[in-house]
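In this note's numbering, the protein residues as written are 161 to 502.
Where a beta carbon is used, it is the ideal one built from N, C-alpha and C, also for glycine.
From a predicted model like this one, the values you see are computed outputs, not experimental measurements.
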Ligand SMILES: NC(=O)c1ccc[n+]([C@@H]2O[C@H](COP(=O)([O-])OP(=O)(O)OC[C@H]3O[C@@H](n4cnc5c(N)ncnc54)[C@H](O)[C@@H]3O)[C@@H](O)[C@H]2O)c1
């Protein structure tokens with residue numbers, strides 16, 4: 161079993177789900193359900209959060225199996241960990257990641273948004289590469305078992321040659337709608353080359369930061385020739401879903417909906433023919449991909465160049481929205497500090 165430590169005991173670490181949930185949408189639930197991980201340590205600067213965690217989740221783990229820490233550094237110095245989940249908010253990622261990347265780890269599971277500037281994420285990626293410690297960024301909805309299967313099927317020609325992928329999601333470009341950016345790439349590929357976007361400003365930002373805008377709409381060019389479209393104002397179209405338009409058909413798929421596949425004549429194909437897997441919590445799948453890598457398997461999804469590409473699209477969307485210009489990737493301005501507080 162691989163030993164996992166979690167930094168930050170908020171919503172995505174532990175509060176979105178309870179131990180009894182069959183498909184928990186939180187890190188500790190996924191770690192607990194995974195056959196290859198055990199939770200051995202947690203850190204949160206808030207005593208209230210540590211106490212709440214001990215009360216809600218403590219009974220779900222063997223007595224005394226979890227050590228509690230106030231800071232990330234105390235946990236990293238005291239524990240031998242294979243995986244660390246970084247679950248603090250975006251503006252704290254860079255400081256925490258600098259500590260985590262110094263530790264002797266197998267992998268890091270980092271919450272989105274990866275960082276608040278490209279300069280920050282460049283530095284994280286550099287150290288990760290130098291030290292051989294993969295970073296996996298948590299675009300959680302990616303790990304829906306049905307989406308993973310459909311991703312493979314689309315690669316194998318389910319809709320013929322993919323021509324366009326349309327994703328639907330509003331909210332902060334880096335903190336929220338980035339889930340849909342990843343989903344567009346999940347079906348279009350992870351080779352974006354340019355972004356043109358219109359965004360609207362939302363919220364304030366403390367000194368040193370610019371506010372995080374939300375997407376109105378953007379186009380993402382991919383080197384493969386596929387075109388991505390991100391729709392921020394999507395009316396009744398479902399969030400965290402994509403339409404994959406191909407030469408031989410079209411697929412609507414998403415985290416919260418049953419897929420709809422249409423053939424070349426527009427006729428709906430029976431989902432029973434797709435052989436889709438049953439539900440499994442996305443965190444369980446993600447942790448099992450990470451541990452498979454530690455056993456010598458393939459890189460987990462949303463690691464290496466994949467999270468870098470998604471993150472690059474996010475910052476280019478902001479850059480294009482502010483400047484009105486089409487932005488070639490990699491984005492030239494790497495210093496814009498965005499208050500990505502999701
Ligand atoms: N993948 C998803 O679907 C999803 C959903 C929600 C949030 N998130 C992401 O998860 C991250 C956390 O968001 P949240 O809503 O869970 O936050 P939250 O505010 O609920 O919890 C953050 C916790 O981190 C603790 N903390 C902050 N700095 C710390 C430090 N240096 N050391 C130890 N503890 C520290 C705080 O005390 C708090 O308990 C964000 O990056 C957010 O974007 C992802």
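Span of the alpha helix (DSSP H) around residue i
i, result
"residue 290", "278-291"
"residue 477", "464-483"
"residue 171", "That residue, residue 171, is in no alpha helix (DSSP H); it is neither H nor E in DSSP."
"residue 315", "305-315"
Option in the options with minimal Cα separation from residue i
i, options, result
"residue 242", "165, 191 and 202", "165"
"residue 474", "222, 387, 396 and 340", "340"
"residue 229", "223, 239, 375 and 425", "239"
"residue 376", "292, 294, 337 and 467", "337"
"residue 471", "190, 425 and 274", "274"
"residue 506", "257, 251 and 268", "In the structure as shown, the chain begins at 161 and stops at 502. Residue 506 is therefore absent and cannot be evaluated."
"residue 416", "442, 426, 427 and 435", "442"
"residue 481", "392, 429, 424 and 423", "392"
"residue 436", "310, 232 and 298", "310"
"residue 576", "492, 250, 235 and 418", "This structure cannot settle anything about residue 576, because the visible part of the chain is limited to 161 through 502."
"residue 396", "327, 351 and 430", "327"
"residue 372", "352, 357, 418 and 335", "335"
"residue 263", "232, 277, 253 and 350", "232"
"residue 438", "502, 308 and 189", "308"
"residue 255", "281, 265, 237 and 266", "281"
"residue 209", "174, 486 and 192", "174"
"residue 162", "452, 181 and 369", "452"
"residue 276", "297, 251 and 477", "251"
"residue 418", "424, 400 and 426", "400"
"residue 356", "390, 423 and 349", "390"
"residue 494", "457, 283 and 271", "283"
"residue 394", "191, 488 and 330", "330"
"residue 205", "348, 456 and 248", "248"
"residue 483", "403, 385 and 361", "361"
"residue 350", "332, 315, 369 and 370", "315"
"residue 426", "412, 253 and 195", "412"
"residue 383", "182, 187, 490 and 502", "490"
Residue i, DSSP secondary structure in three states
i, result
"residue 183", "coil"
"residue 374", "strand"
"residue 443", "helix"
"residue 513", "Residue 513 is absent from the structure shown; the chain starts at 161 and stops at 502."
First and last residue of the uninterrupted beta strand (DSSP E) at residue i
i, result
"residue 296", "295-298"
"residue 164", "162-167"
Considering only residues of the region 246-271, which uninterrupted alpha helix (DSSP H) runs meet the minimum length of 4 residues and lie entirely inside it, listed in chain order? 250-260
Under 8 Å: do the region 399-413 and the region 307-327 share three or more Cβ pairs, one atom per stretch? yes
Give, in chain order, every unbroken run of the beta strand (DSSP E) that is at least 3 residues long and sits entirely within the region 324-366. 352-360
Please give the ranges of any beta strand (DSSP E) in the region 189-245, keeping only runs that are unbroken, at least 3 residues long and fully inside the region. 197-203 and 227-229
At 3 residues or longer, and completely inside the region 391-435: list those beta strand (DSSP E) runs for me, N to C. 401-406, 409-414 and 420-422
With a cut-off of 8 Å, do at least 3 Cβ pairs link the region 359-373 to the region 300-311? no
Decide if the region 207-215 is in contact with the region 461-471; the criterion is three or more beta carbon pairs, one per stretch, under 8 Å apart. no
May I ask you to verify whether the region 279-291 touches the region 437-448, counting CB pairs closer than 8 Å and requiring at least 3? no
State whether the region 198-208 contacts the region 219-226, with contact taken as three or more CB pairs (one from each stretch) at a distance under 8 Å. yes
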